[in-house]
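Quick note: our numbering has the sequence shown finishing at residue 285, numbered continuously throughout. Input: a single structure, listed below in structure tokens.
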Amino acid sequence: MLPLGLFLLWIWFIVTAITNGVNLTDGLDGLAAGASVLVFGGYTLINVWQFGQSCAIEAGAGCYAVRDPLDLATFAVACAGACFGFLWWNTSPAQIFMGDTGSLALGGAMAALAIMSRTEMLFVLMGGLFVIITLSVIAQVGSFKLTGRRVLRMAPLHHHFEMGGWQEVTIVVRFWLIQGLCVSAALALFYAEWISG
């Protein structure tokens, strides 16, 4: 258990990191919304599982002491559904744009789910695409400030591929696939942790 001051710094770091990661990802039509659908879908499954294995229902080895996991699952599936519906208008060519308000709100919702379900460290894998894109920006800025040279043609990472001649739709779909693999790996790790006790 962390002291209150460290706990608040930890929460601040998580919320700041995730919201900015989603915001950096929102650079191509449908990229952030589609990746968010996958993350929220993953959190729906995690929270439903935590509900079924809740210590409030049956205390024992392998139970979860998470408060209101079914409510968290409902929130996650509502966010997934909202993003899924939004994709109809946000896929290329986008007729409606998310902007900072939408991407920061989605990041805040993901941060809340990670914190409330006590899976903060698992989010590094669950939100793998957001982490990769954030690291690409950090590498680009850090390299330019330290050496005066760029690592990528343009940051964030999806613009690097765009400058390399990839079509926008190709980048978005391939990044969705990467995000799907990250969510699948996170769910497998979550389940493996439960099996191991």
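C-beta atoms are modelled at their ideal positions from N, C-alpha and C, and glycine is treated no differently.
Counting the other CB atoms within 10 Å of its CB gives Val261 a total below 16, which places it among the exposed residues.
Annotated three-state conformation of Ser205 is coil, per DSSP. Taking C-beta atoms under 8 Å as the contact rule, Ile106 and Phe218 qualify, at a distance of about 7 Å. Going by beta carbons, Glu250 and Ile102 fall outside the 8 Å limit. Checking the DSSP bridge columns, you'll see Tyr152 partnered with Ser142. For Ser180, there is no enclosing alpha helix (DSSP H), as DSSP gives it neither H nor E.
Pairing Ala200 with Gln183, the inter-Cα distance amounts to about 29 Å. One thing to note: Gly268 has its Cβ no nearer than 8 Å to the Cβ of Leu175. Under the 8 Å Cβ criterion, the region 123 to 139 counts as touching the region 156 to 166, having at least three qualifying pairs.
For Gln267, the enclosing alpha helix (DSSP H) starts and ends at Glu256 to Ser284. Counting C-beta atoms within 10 angstroms of its own C-beta, Phe211 has 16 or more neighbours from the protein chains shown and is therefore classed as buried. Contact between the region 190 to 198 and the region 107 to 124 is established, with three or more Cβ pairs separated by less than 8 Å.
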